[in-house]
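Reviewing the structure listed below.
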Amino acid sequence: LPLGNYFPAFWCIFMHHFPHVCKGKHQIKAQRWEEVSIMDEKNIPIRTYQVCNVLEPNQNNWLRTDWIPRSGAQRVYVEVKFTLRDCNSLPGVTGTCKETFNLYYHESNEVRESYIKESSFIKVDTVAADESFTQVDVGDRIMKLNTEVRDVKVTTRKGFYLAFQDVGACIALVSVRVFYKTCPLTIRNLATFPDTVTGADTSSLVEVRGSCVNQSEEREEPKMYCGADGEWLVPIGGCFCSPGYEEKGGACKACSAGFYKAKSSDAGCFKCPPHSHSVRDGATVCDCHSGFFRADSDPPSMACTQPPSAPQQLISVVNETSVVLEWAPPRRLGGRSDTSYNYPRMGSGSISSSQLCLPCGSDVLFSPGQTGLKTTRVVVSELRAHTHYTFIVHARNGVSQASGAGAAQSVSVSVTTNQAVSSILAIDVTRHSLSLSWQQPDRPNGVILEYEVKFYEKDQKERSYRIMRTFSRSVDVTGLNPLTVYVFHVRARTAAGYGEFSAPFEFSTNSDPFPLIGEGVNSAFLLLSVSGVGILLLISAAVFIISRRRSKYSKTKQDSEEEKHLNPGVKIYVDPFTYEDPDQAIHEFAKEIDVSSIHIEKVIGMVGEFGEVCSGRLRVQGKREIYVAIKSLKAGYSDKQRRDFLSEASIMGQFDHPNIIRLEGVVTRCKPLMIITEYMENGSLDAFLRKHDGQFTVIQLVGMLRGIASGMKYLSDMSYVHRDLAARNILVNSNLVCKVSDFGLSRVLEDDPEAAYTTRVRRKIPIRWTAPEAITYRKFTTASDVWSYGIVMWEVVSYGERPYWDMNNQDVIKAIEEGYRLPAPMDCPVVLHQLMLDCWERERAERPTFSQILNMLDKLIRNPGTLRRTGGDRPAGTMLESGMGSEVCVSVLPEVCVPEWSVCEWLQSIGLERYRDTLAAAGYTSLDSLLALTHQ
Numbered sequence: 001l002p003l004g005n006y007f008p009a010f011w012c013i014f015m016h017h018f019p020h021v022c023k024g025k026h027q028i029k030a031q032r033w034e035e036v037s038i039m040d041e042k043n044i045p046i047r048t049y050q051v052c053n054v055l056e057p058n059q060n061n062w063l064r065t066d067w068i069p070r071s072g073a074q075r076v077y078v079e080v081k082f083t084l085r086d087c088n089s090l091p092g093v094t095g096t097c098k099e100t101f102n103l104y105y106h107e108s109n110e111v112r113e114s115y116i117k118e119s120s121f122i123k124v125d126t127v128a129a130d131e132s133f134t135q136v137d138v139g140d141r142i143m144k145l146n147t148e149v150r151d152v153k154v155t156t157r158k159g160f161y162l163a164f165q166d167v168g169a170c171i172a173l174v175s176v177r178v179f180y181k182t183c184p185l186t187i188r189n190l191a192t193f194p195d196t197v198t199g200a201d202t203s204s205l206v207e208v209r210g211s212c213v214n215q216s217e218e219r220e221e222p223k224m225y226c227g228a229d230g231e232w233l234v235p236i237g238g239c240f241c242s243p244g245y246e247e248k249g250g251a252c253k254a255c256s257a258g259f260y261k262a263k264s265s266d267a268g269c270f271k272c273p274p275h276s277h278s279v280r281d282g283a284t285v286c287d288c289h290s291g292f293f294r295a296d297s298d299p300p301s302m303a304c305t306q307p308p309s310a311p312q313q314l315i316s317v318v319n320e321t322s323v324v325l326e327w328a329p330p331r332r333l334g335g336r337s338d339t340s341y342n343y344p345r346m347g348s349g350s351i352s353s354s355q356l357c358l359p360c361g362s363d364v365l366f367s368p369g370q371t372g373l374k375t376t377r378v379v380v381s382e383l384r385a386h387t388h389y390t391f392i393v394h395a396r397n398g399v400s401q402a403s404g405a406g407a408a409q410s411v412s413v414s415v416t417t418n419q420a421v422s423s424i425l426a427i428d429v430t431r432h433s434l435s436l437s438w439q440q441p442d443r444p445n446g447v448i449l450e451y452e453v454k455f456y457e458k459d460q461k462e463r464s465y466r467i468m469r470t471f472s473r474s475v476d477v478t479g480l481n482p483l484t485v486y487v488f489h490v491r492a493r494t495a496a497g498y499g500e501f502s503a504p505f506e507f508s509t510n511s512d513p514f515p516l517i518g519e520g521v522n523s524a525f526l527l528l529s530v531s532g533v534g535i536l537l538l539i540s541a542a543v544f545i546i547s548r549r550r551s552k553y554s555k556t557k558q559d560s561e562e563e564k565h566l567n568p569g570v571k572i573y574v575d576p577f578t579y580e581d582p583d584q585a586i587h588e589f590a591k592e593i594d595v596s597s598i599h600i601e602k603v604i605g606m607v608g609e610f611g612e613v614c615s616g617r618l619r620v621q622g623k624r625e626i627y628v629a630i631k632s633l634k635a636g637y638s639d640k641q642r643r644d645f646l647s648e649a650s651i652m653g654q655f656d657h658p659n660i661i662r663l664e665g666v667v668t669r670c671k672p673l674m675i676i677t678e679y680m681e682n683g684s685l686d687a688f689l690r691k692h693d694g695q696f697t698v699i700q701l702v703g704m705l706r707g708i709a710s711g712m713k714y715l716s717d718m719s720y721v722h723r724d725l726a727a728r729n730i731l732v733n734s735n736l737v738c739k740v741s742d743f744g745l746s747r748v749l750e751d752d753p754e755a756a757y758t759t760r761v762r763r764k765i766p767i768r769w770t771a772p773e774a775i776t777y778r779k780f781t782t783a784s785d786v787w788s789y790g791i792v793m794w795e796v797v798s799y800g801e802r803p804y805w806d807m808n809n810q811d812v813i814k815a816i817e818e819g820y821r822l823p824a825p826m827d828c829p830v831v832l833h834q835l836m837l838d839c840w841e842r843e844r845a846e847r848p849t850f851s852q853i854l855n856m857l858d859k860l861i862r863n864p865g866t867l868r869r870t871g872g873d874r875p876a877g878t879m880l881e882s883g884m885g886s887e888v889c890v891s892v893l894p895e896v897c898v899p900e901w902s903v904c905e906w907l908q909s910i911g912l913e914r915y916r917d918t919l920a921a922a923g924y925t926s927l928d929s930l931l932a933l934t935h936q
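Those letters in the sequence shown? Residues 1 to 936, per full-length UniProt numbering, in order.
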């Protein structure tokens, strides 16, 4: 906010700051500065303060403002417009003329200080002119105006003074503007953030708590940070519009008539559901139309409904003293699916009596129940025999009670139970049969259609019984066992159904059993019986063997069919850019997370064009809370930026490996868009190594490299090319586990493992980490990722040093083409540097695969002694366990032992054999002696 505006003259800018000019109330502390009117470039007179004592040495001319209140500002900006004479255009001023002046400030609580010592002022800066004028310029009316801005930190007093010191220049102050910066009043996520003064430091962030707008309520404490440049950063939390209101243009507006909003968390106002309406603005629920109702448990989004009509087609089947009731559902369910049924019933005395109906006793049983049933069938038992009953079936649903509907929703039926046969008589008894008879029931409840006789051996106790039916009141039961007691029951059936079984009656057959085996048995019959049993056993054995063979064949065939599906193949990566709709890819490979389960805590970095990276916590229902990293897409993004942003999540969502960064999910249904990943406490690998330079053992460094190689092997097995493998894109957690991340430049390989990917658009390539064929022809393969992995190895062993140091990209490309390769870092084991050189083979087919690299690193970890020799060690008789004396195993392709090279062989291998004589003449005759050479 400016403390003053641009005015033609300096004294008019500070109306009360130079009071001796404006109304003359105070005396200005100016020495040899003069107020002068001059003409600007448009020939308009303007007022200035000028000084031009260039002929006299040791000038010290001061011009001071009056006291300026800082109005809560912590850092103010001073914009000075001035003109300055070129000393070379002034004759005879050599040594005394200057082309600069000094800006000072002094903080004070005093509104009026008549005199301030020069030593009390603090220097802000020496101000020089970008352009100076000469006498010729003045004659040609060319005005060369300079504008300079300086910032001053003012935090200890209520106000401050500014002072301008001339040390011998020819200068005119045209205007001064003093201002400070604020983050302007704004509304984010329905929270108002007031106009906020920026912090005292250029890098400080001022945390500001917002307040919910009218007709809204807090969802999560709304906060934002005010940056030093006056821009708002990192909105956290926010507010919801209250029920009956929805968000429009950063404010909460009432829902229109015919719409409603029931909960603050709802996205917006909804149209009233069927059979309901709202007649006023700001409705939280819609009222039901006449004749329609809503239950207490119904959500406001549910349509208003009606009670059901009565059940249909109620029928009954009487079985002794029980009744089966069945019916059809109501013709009209009222628009609901919660219809249930109740069974009130009434009972009376005998049919011949004239008693009124009375409620049934509690001894009557209903199965499965009497109230709240969902089925259309019920069995009523334990009724009294030969008794008239009336059953009423009520249909109910969730709004029956609210509507007051009752009898109109019910149907009734009347039935009469049967009476059992009173007694059974045995007329004739033999060894194998019984002749029985009985009398008709006293009150048969209609014409008897038939009788049913149930009998069983007494010892069986109804575990096995037989049923006989007859139209008469007698029956002959044959096929019984001799000398056996049988139990008989008889019941009658009428048009109303079966009555009760009679009480049990016991009768015994006669003795004289038939001898099956013993004296008097025919020998021919015995022989036939034994032969028959033998044949039966042979047939059973044959059937058993054949069935076993068939079963074995069937199992073998089934196993062979299952074997075809046991090895479905390796999972292949799917490029999200092949999807026409990027949302389809993100929903297929990434899990959507409810934004309410994410709690952002602090900003931990920026992500280029995308937005901020924050840390926070994620709590998913049913799981423990975990720390996560949250990458958000800033507002105002384009469709391409949205697609690129979400494509990285679509890529990460396909990976599941302990050395690949894990995707927790995405937020796409609200803004800002977010990608949620696991939180890596130690950040990027390059920064982590620089912070802990020299603090790890070689085995620990190889362990980090092993983890990166394992993750890259997993990616290559999925036919996937990373294209941007570098230590800055490796993240480290608290357990020093390294994980590959940043899939923004990644693309997929074709089916052919040797195929290469050509970039769709010409994008910037990280030259220092990229293989030569990828730089020249823009062809990316797993082999080019291996080259990048060799650079990562060099970064790790050198503790985050920049590859190729201060060489520019063109020099790097030229050096690589000429055969130059990075030398071994300090204390680097020979085997590791040789592995790097293998990764940097010119021909990509000669580079190792990630599987071979992983095997090599595993061998090194299992044999730590192989890592002891560094480039600075003298050759010894015991190198690696090769059995070849002075030979050293350092190669991966092929993995064999090779003799140690001479200087000539080494120079030839890297394409620098032309320096052989030069090095020999200087005394460098062995590889160890070359270690004394510096980079220069």
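Glycine residues also receive a C-beta, built at the ideal position from the N, C-alpha and C atoms. Since this is a predicted model, take the numbers as computed values, not measurements.
I need the boundaries of the alpha helix (DSSP H) containing residue i, first residue and last residue.
i: residue 939; result: The requested residue 939 is not part of the displayed model; the chain covers only 1 to 936.
i: A649; result: D639 to M652
i: Q834; result: V830 to C839
i: A687; result: L685 to K691
i: P772; result: P772 to Y777
i: V152; result: No alpha helix (DSSP H) contains V152, which is instead part of the beta strand (DSSP E) from N146 to K153.
i: F850; result: F850 to R862
i: R916; result: R916 to A921
i: E462; result: Run containing E462: none; DSSP gives neither H nor E here.
i: Y789; result: T782 to V797
i: A815; result: N809 to E817
How many whole angstroms separate the CB atoms of residue i and residue j, which I take to be in contact at a CB cut-off of 8 Å?
i: V149; j: Y77; result: 6 Å
i: Y105; j: L162; result: 6 Å
i: R669; j: E592; result: 7 Å
i: K158; j: N109; result: 5 Å
i: P825; j: W805; result: Not a contact, Cβ separation roughly 12 Å.
i: L205; j: G230; result: That belief does not hold up - the Cβ atoms of L205 and G230 are roughly 12 Å apart, past 8 Å.
i: F160; j: E107; result: 5 Å
Tell me which residue opens and which closes the beta strand (DSSP E) that residue i is part of.
i: R587; result: In the sequence as presented, Arg is not what sits at residue 587; that position holds His. Here H587 belongs to no beta strand (DSSP E); instead the alpha helix (DSSP H) covers P582 to F589.
i: G665; result: L663 to V667
i: L173; result: I171 to Y180
i: A426; result: I424 to V429
i: D125; result: I122 to A128
On the criterion of 16 or more Cβ atoms from any shown chain inside 10 Å, does residue i qualify as buried, or is it exposed?
i: Y777; result: exposed
i: W787; result: buried
i: F455; result: buried
i: residue 947; result: Residue 947 cannot be examined here, being either before or after the span of the chain that is shown, 1 to 936.
i: K181; result: buried
i: T925; result: exposed
i: N58; result: exposed
Point to revise | Segment contact, 8 Å Cβ cut-off, at least three pairs: the region 54–67 with the region 157–168 | key: As far as the Cβ criterion goes, the region 54–67 touches the region 157–168, which means the pair count is three or higher.
Review point. Between the region 615–622 and the region 593–600, do at least 3 Cβ pairs fall closer than 8 Å?
Key: yes
Check your understanding: Which whole runs of the beta strand (DSSP E) in the region 605–629 are 3 residues long or more, in chain order?
Key -> 611–618
Review point. For the 8 Å Cβ check, are there 3 or more pairs between the region 701–713 and the region 769–776?
Key: These segments do not touch.
Check your understanding: Which ranges would you report for the beta strand (DSSP E) in the region 42–97 if only whole runs of at least 3 residues count?
Key -> 45–51, 61–64 and 75–84
Check your understanding: Considering only residues of the region 232–289, which uninterrupted beta strand (DSSP E) runs meet the minimum length of 3 residues and lie entirely inside it, listed in chain order?
Key -> 232–241, 245–248 and 251–254
Check your understanding: If you pair each beta-carbon of the region 728–737 with each one of the region 836–848, do three or more pairs fall below 8 Å?
Key -> no
Review point. Between the region 393–402 and the region 330–337, do three or more beta carbon pairs fall short of 8 Å?
Key: Enough Cβ pairs lie closer than 8 Å, so yes.
**Study point:** the region 799–819 contacting the region 847–863, beta-carbon criterion three pairs below 8 Å
**Key:** Short answer: they don't touch.
Practice item. Determine, using beta-carbon pairs with one atom in the region 73–88 and one in the region 190–201, whether at least three such pairs fall under 8 Å. Key: Counting Cβ pairs under 8 Å, three or more are found: they touch.
Review point. Is there contact between the region 712–723 and the region 621–631, where contact requires at least three CB pairs shorter than 8 Å?
Key: Judged by Cβ distances under 8 Å, the region 712–723 makes no contact with the region 621–631, as fewer than three pairs qualify.
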